[in-house]
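Peer 1: Questions regarding the structure given below will be posed in turn.
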């Protein structure tokens, strides 16, 4: 395994950056790696507790060399543009990606294989597979012309039937599936053309979520539809977002499907939350050197309502290019990004260093909680993913057209940090799962026992069991991210020696939880255990 470089490039200019004066509530930052050699533009956690990371192949030589024999033919350089990060060991190794993965997309299939789609130039119709392994022999495999259309800035989602859908991309007003059933058929989606701001677009990396009825919620620019992808028809058109400001790339906000609480399997409500972005005209203004303050609003809509409406809320900090992650306790973390400008090369200003926790169950006016800030600006091309231990892996930031470390406002960032939300501030109150074992295989509708230990005082009414699908994160959107609060099928039982158990039930179908690997957590007083891997089929 390659040893990490000792060159520290992370903290240049940090003393010149503004920090919020509002009191922070908690949370801790830790520098994991000062230099992994590439910038973490895309990240995905796999079920072996390793994170696949990559940026783009045409940045020029990276700071991570490829092993002997792995240099690409006809290449003038022998450096990597992808890496595998081993969470437990805090080490990394180079991976070999052969074609340009710049601004691509992906999702993890039911068997745990990362399927990565598209990119730019010679990579725009490629599909790449990364199958996790227990040693260090696995690497990228590539299939040329596996896509029917060029997919650059597209969004992916796993479907109940096990396939993934790939929606949109630059000048691609369509969708397709992988793997293919018959051929490379592509399906028109006029909604993407209707939301395309000519010269700017604002409909790239559309926000896509699987609704509980099996249809897809698709948001682009400032509007959303419910898509029946089987019959290729729009089931519902949602009201435009209040104010009409765009929220998709390059006016980049972020979005999550809020936790699905399975109380009655046939009556599960689904809500979408969008936060941040850039006001109308921000891209053009930034191109001319004027950087408009980012949006400071979140918009929330219950997509299962017969007559849904958006509800606006005000964030404590404006944010563009931020990431939104579902935490194991059902709260939402807003992290990374800027306070002004837009996405694209060198168009962001005023780094937003302070993470914010959003509590969806609280009343409006009491949902936001500031966390302690970082010192590292994470601007354009940064990313973040939830780890099994409850921390957030944060990396990337390259607002430049190459690897630039000097003479630019925000240098290329090659470091990895871990952010521990405030729920990890008191480890003595954390539950610990002792049953089932990690990597257990489960079936839909199955009831199973979860046993955990807790050294502190138990509050029975504040115990829940949640299940999270790890996200593919890039460009401020965590694709395929999903959290379910599992229904309890027995009373909490004390077994002695600070050990407790409860019986829970899995969802009934792939509409609620597509087949695949999930992280299972026990949450007590909003403090999650470490997760265990479960596989549902």
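Residue numbers (mature numbering (1 follows the signal peptide of the UniProt record, and there is no 0)): -24 to -1, 1 to 513. Note that the Cβ used here is the ideal one computed from N, Cα and C, for glycine as well.
#1: Please state whether DSSP places residue 270 in a helix, a strand or coil.
#2: If distances are taken between C-alpha atoms only, which option among 253, 342, 1 and 356 comes closest to residue 323?
#3: Residue 484 and residue 445 - do their beta-carbons sit closer together than 8 Å?
#4: Can you tell which of 489, 108 and 439 has the C-alpha that lies nearest to the C-alpha of residue 479?
#5: Reducing DSSP to helix, strand and coil, say where residue 438 ends up.
#6: Where does the unbroken alpha helix (DSSP H) through residue 259 begin, and where does it stop?
#7: Excluding the five sequence neighbours on either side, which residues of its own chain have a C-beta within less than 8 Å of the C-beta of residue 426, listed in chain order?
#8: Provide the residue span of the alpha helix (DSSP H) that contains residue 169, from first to last.
#9: When the distance is taken between beta carbons, is residue 271 closer than 8 Å to residue 229?
#10: From residue 192 to residue 294, what distance separates their C-alpha atoms?
#11: Closest to residue 307 by CA distance: which of 471, 86 and 342 is it?
#12: Using 8 Å as the cut-off, can you tell me whether the stretch 455 to 469 makes contact with the stretch 365 to 385, which would need three or more C-beta pairs spanning the two stretches below that distance?
#13: Using 8 Å as the Cβ pair cut-off and three pairs as the minimum, do the stretch 453 to 465 and the stretch 229 to 239 touch?
#14: Since residue 300 contacts residue 310 with CB under 8 Å, what's their CB separation in whole angstroms?
#15: To which residues of the same chain is residue 217 closer than 6 Å at the C-beta, ignoring the five residues directly before and after it?
#16: Keeping to the same chain, check which residues put their C-beta closer than 7 Å to that of residue 488; ignore five residues upstream and five downstream.
#17: Whole angstroms are fine: how far does the CA of residue 429 sit from the CA of residue 507?
#18: Which whole-angstrom value describes the C-beta separation of residue 58 and residue 116, a residue pair presumed to lie in contact below a C-beta threshold of 8 Å?
#19: Whole angstroms are fine: how far does the CA of residue 46 sit from the CA of residue 53?
#20: Hey, which unbroken runs of the beta strand (DSSP E) at 3 residues or more fall wholly within the stretch 12 to 91?
#21: Figure out for me which residue from 106, 168 and 505 has the closest Cα to the Cα of residue 405.
#22: Just curious, the beta strand (DSSP E) that residue 251 is in, first and last residue?
#23: Could you pull out every residue in the same chain whose Cβ sits closer than 8 Å to the Cβ of residue 66, ignoring the five residues on either side in sequence?
#24: Helix or strand or just coil, what does DSSP make of residue 453?
#25: Specify, as a first and last residue, the run of the beta strand (DSSP E) that residue 300 falls within.
#26: If contact is defined by three or more beta carbon pairs under 8 Å, each pair taking one atom from either stretch, is the stretch 169 to 178 in contact with the stretch 151 to 160?
#27: With H, G and I counted as helix, E and B as strand and the rest as coil, what does DSSP make of residue 327?
#28: Quick check on DSSP: helix, strand or coil for residue 398?
#29: List the DSSP bridge partners of residue 134.
#30: Can you say whether residue 20 is buried or exposed, counting buried as having 16 or more other CB atoms within 10 angstroms of its CB?
#31: Distance check for residue 268 and residue 326, CA to CA, integer angstroms please.
#32: When you compare the CB positions of residue 597 and residue 247, do they come within less than 8 Å of one another, or not?
#33: Relative to the C-alpha of residue 432, which residue among 453, 419 and 402 is closest?
#34: Would residue 385 and residue 27 qualify as a contact pair, given that the criterion is a beta-carbon distance under 8 Å?
#35: Going by DSSP in three states, residue 378 sits in which element: helix, strand or coil?
#36: If distances are taken between C-alpha atoms only, which option among 145, 282, 77 and 112 comes closest to residue 96?
Peer 2: This is what the structure holds:
#1: It is coil, neither helix nor strand.
#2: The option with the nearest alpha carbon to residue 323 is 356.
#3: Not closer than 8 Å, so no.
#4: Looking at the Cα atoms, 439 is the closest of the given residues.
#5: In this structure, residue 438 counts as helix in the three-state DSSP scheme.
#6: First-last of the alpha helix (DSSP H) with residue 259: 258 to 263.
#7: Counting only Cβ-Cβ distances below 8 Å, and skipping sequence neighbours, we find 409, 411, 412, 441, 477, 478, 479, 480, 496 and 498.
#8: Judged by DSSP secondary structure, residue 169 falls within the alpha helix (DSSP H) whose first and last residues are 166 to 170.
#9: Yes, Cβ-Cβ distance for residue 229 and residue 271 is below 8 Å.
#10: Put simply, the backbone Cα of residue 192 is about 29 Å away from that of residue 294.
#11: Among 471, 86 and 342, the Cα nearest to that of residue 307 belongs to 342.
#12: Segments in contact, no.
#13: The stretch 453 to 465 and the stretch 229 to 239 touch, with no fewer than 3 CB-CB distances between them shorter than 8 Å.
#14: 6 Å between Cβ atoms; contact.
#15: The residues are 198, 275 and 286.
#16: Leaving aside the five residues that flank residue 488 on each side, the residues in its chain whose CB is nearer than 7 Å to its CB run, in chain order, 188, 236, 238, 244 and 460.
#17: Here the alpha carbon of residue 507 sits roughly 14 Å from the alpha carbon of residue 429.
#18: Indeed they touch by this definition, with Cβ atoms about 7 Å apart.
#19: In a straight line, the C-alpha of residue 53 is about 11 Å away from that of residue 46.
#20: Residue ranges of uninterrupted beta strand (DSSP E) with 3 or more members, entirely inside the stretch 12 to 91 and ordered along the chain, are 18 to 21, 26 to 30, 58 to 62, 67 to 71 and 81 to 84.
#21: Looking at the Cα atoms, 505 is the closest of the given residues.
#22: Taken as a continuous stretch (DSSP letters only), the beta strand (DSSP E) holding residue 251 covers 247 to 251.
#23: The beta carbon of residue 66 is closer than 8 Å to those of 8 and 9 in its chain, skipping five residues each way along the sequence.
#24: DSSP places residue 453 in strand when its eight states are reduced to three.
#25: Membership of residue 300 in the beta strand (DSSP E) is indicated by the continuous run 299 to 302.
#26: Taking one beta carbon from each stretch, the stretch 151 to 160 and the stretch 169 to 178 have fewer than 3 pairs nearer than 8 Å; the two do not touch.
#27: In the three-state DSSP reduction, residue 327 falls in the strand class (E or B).
#28: Note: residue 398 maps to helix in three-state DSSP.
#29: According to DSSP, which records beta bridges pairwise, residue 134 is partnered with 140.
#30: By the neighbour-count rule (16 or more Cβ atoms within 10 Å), residue 20 is buried.
#31: A direct Cα-to-Cα measurement between residue 326 and residue 268 gives close to 11 Å.
#32: One cannot answer for residue 597 here, as it falls past the ends of the chain, which runs -24 to 513.
#33: Of 453, 419 and 402, the smallest CA-CA separation from residue 432 is found for 402.
#34: No, Cβ-Cβ distance for residue 385 and residue 27 is not below 8 Å.
#35: In the structure shown, residue 378 sits in coil (DSSP, three-state: anything other than H, G, I, E or B).
#36: Scanning 145, 282, 77 and 112 for the CA closest to the CA of residue 96 turns up 77.
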